[in-house]
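For what it's worth, the UniProt record's numbering labels the leading residue of the sequence shown as 1, then goes sequentially.
Beta carbons: idealized from backbone N, C-alpha and C, even for Gly.
What you are looking at is a predicted structure, and each value in this text was computed from that prediction instead of being measured.
Here is the structure we will look at, set down as structure tokens.
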Amino acid sequence: MLEFLVDTDIWVDFFHDQKYARDLINKISIHGPVFTSILSITELRTGFTQEQAEFYLPRFYNITGIVQVSKSAALLAGKFRWEFRRRGITIPTVDSIIAATTIENNYQLVTRNKKDFPMPEIKFYEF
Numbered sequence: 001m002l003e004f005l006v007d008t009d010i011w012v013d014f015f016h017d018q019k020y021a022r023d024l025i026n027k028i029s030i031h032g033p034v035f036t037s038i039l040s041i042t043e044l045r046t047g048f049t050q051e052q053a054e055f056y057l058p059r060f061y062n063i064t065g066i067v068q069v070s071k072s073a074a075l076l077a078g079k080f081r082w083e084f085r086r087r088g089i090t091i092p093t094v095d096s097i098i099a100a101t102t103i104e105n106n107y108q109l110v111t112r113n114k115k116d117f118p119m120p121e122i123k124f125y126e127f
């Protein structure tokens, strides 16, 4: 069974009522569990007013599992940032942690921003 980690960009579109994002979440949930990094909660909350957060976040928690950041994922994320920085590529901390979490748990990463995740170990869900 496939398991999916949905990146923040897809959830932003989902909450902006983009049809493709709603269809995508429905489609992948048929094939396996849908997860989200706990860091995506921070990113989503940044874009919500208090009223929106109170309305949307409880619904969000009902449709996705929230994945915590493990010690090993944190270390792998740091390694990614170090390796890519040596090549002149800056990987934001959040993206490196999402990448490491995806790899550690053998998830398919669901994102529109593949360029933000240059790690060859990542398995992307194609849509």
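*So, is Leu44 buried or exposed, given that buried needs 16 or more other C-beta atoms within 10 angstroms?*
buried
*With respect to the beta strand (DSSP E) encompassing Phe35, which residues constitute its N-terminal and C-terminal limits?*
Val34 to Ser37
*Note down, one range per segment and in chain order, each alpha helix (DSSP H) of at least 4 residues found wholly within the UniProt domain "PIN" (5 to 115).*
8 to 15, 19 to 31, 38 to 46, 50 to 63, 71 to 86 and 93 to 104
*Output the distance between the C-alpha atoms of Gly88 and Leu75, rounded to the nearest integer angstrom.*
20 angstroms
*If we ignore side chains and look at the alpha-carbon of each, how far apart do Glu121 and Tyr56 end up?*
33 angstroms
*asked:* Comparing C-alpha positions only, which one of Arg59, Phe14, Gln68 and Thr46 sits nearest to Arg112?
replied: Phe14
_Close-in-space but distant-in-sequence residues of the same chain around Phe80 (CB under 8 angstroms, 5 per side omitted)_ = Ile91, Ser96, Ala99, Ala100 and Met119
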